[in-house]
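Taking it in order: structure first as structure tokens, then the write-up.
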Amino acid sequence: EPGPVAERDLAKWKARVRSEAGVTLDLLVARGGQLAVPARDQASELIERREKLLRNLDGRSMPSGVTLKTRYHGDYHLGQVLLNKLDFLIIDFEGEPARSFEERRAKHSPLRDVAGMLRSFNYARWTALRQALEGHSDFERLSPHAVDWETRVRAEFLRAYEEAVRGSGLYASFDDIRGLLELFELEKALYELRYELNNRPGWVGIPLQGI
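If you read the sequence shown in our numbering, its first letter stands for residue 94, the second for the next number, and so on.
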């Protein structure tokens, strides 16, 4: 059964993201010098903004209305969604593989899944732009179109999500939980940055810009 999010839940979530931010930034300090430009410059800028980032996390407050925690997917992104005969099938419900089973099974805000999909739109934008620019140098012309695509897709996804869950009791209003959604987007981008630093250094720029 869904349960209400309490102050202690938010405090626990913020503390974990704060801890992960510290681990991520320490890893970036250790590996940042090995990155290619412009990711190396972006890494240096983020490292310099460490305290600002931590203050941003600490400043997240409890929604004013009732907000629920539930079971949720845990690793929701475009790669987990299959198009089949004009319908969508969602797969792969075991959660983020780098997290413990206990953590994956715990109830949490379903907004973590929303944040995961929003971050996935950002990856889709940059992946499409990279592919389009192979053998070309037309970044200045194509980049605004990619930004516009992501902006419109984010807005439509959030509009449809709000419409679908309206009246469900998951939260009082969408405006009321935007701070939580931003917290979970930042959490996801930090996770992505650690993943890319450890596995695909050439992709580090995507989560860096997201953060």
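By construction, the Cβ of each residue, glycine as well, lies at the ideal position given by its N, Cα and C atoms. Since the model is a prediction, treat every value here as computed from it, not as a measurement.
Per DSSP, the beta bridge partners of G96 are K162.
When R218, E280, G272, K107 are compared, the shortest CA-CA separation from G158 is found for G272. Taking every protein chain shown into account, the CB of L179 has fewer than 16 other CB atoms within 10 angstroms, so this residue is exposed.
In the three-state DSSP reduction, I183 falls in the strand class (E or B). Below 8 Å, too few C-beta pairs join the region 136-156 and the region 173-188 to call them touching: fewer than three. Nearest C-alpha to G115 among R197, R148, A225: R148.
DSSP places L150 in the uninterrupted alpha helix (DSSP H) bounded by 143-151. For H201, the three-state secondary structure derived from DSSP is strand.
Within the region 200-275, no complete beta strand (DSSP E) segment of 3 residues or longer occurs. Here R212 is near A282, since their CB atoms are less than 8 Å apart. One thing to note: L222 has its Cβ no nearer than 8 Å to the Cβ of A248. Straight across, the Cα-Cα distance linking E275 with W219 is about 20 Å. Secondary structure at L176: strand, using DSSP grouped into helix, strand and coil. Between the alpha carbons of F194 and E233 lies a gap of roughly 44 Å. In this model, A208 and Q135 are separated by some 22 Å (Cα to Cα). Taken atom to atom, the span from the alpha-carbon of K145 to that of D151 is near 10 Å.
Between K107 and R153, the beta carbon gap of about 6 Å places them in contact (Cβ cut-off 8 Å).
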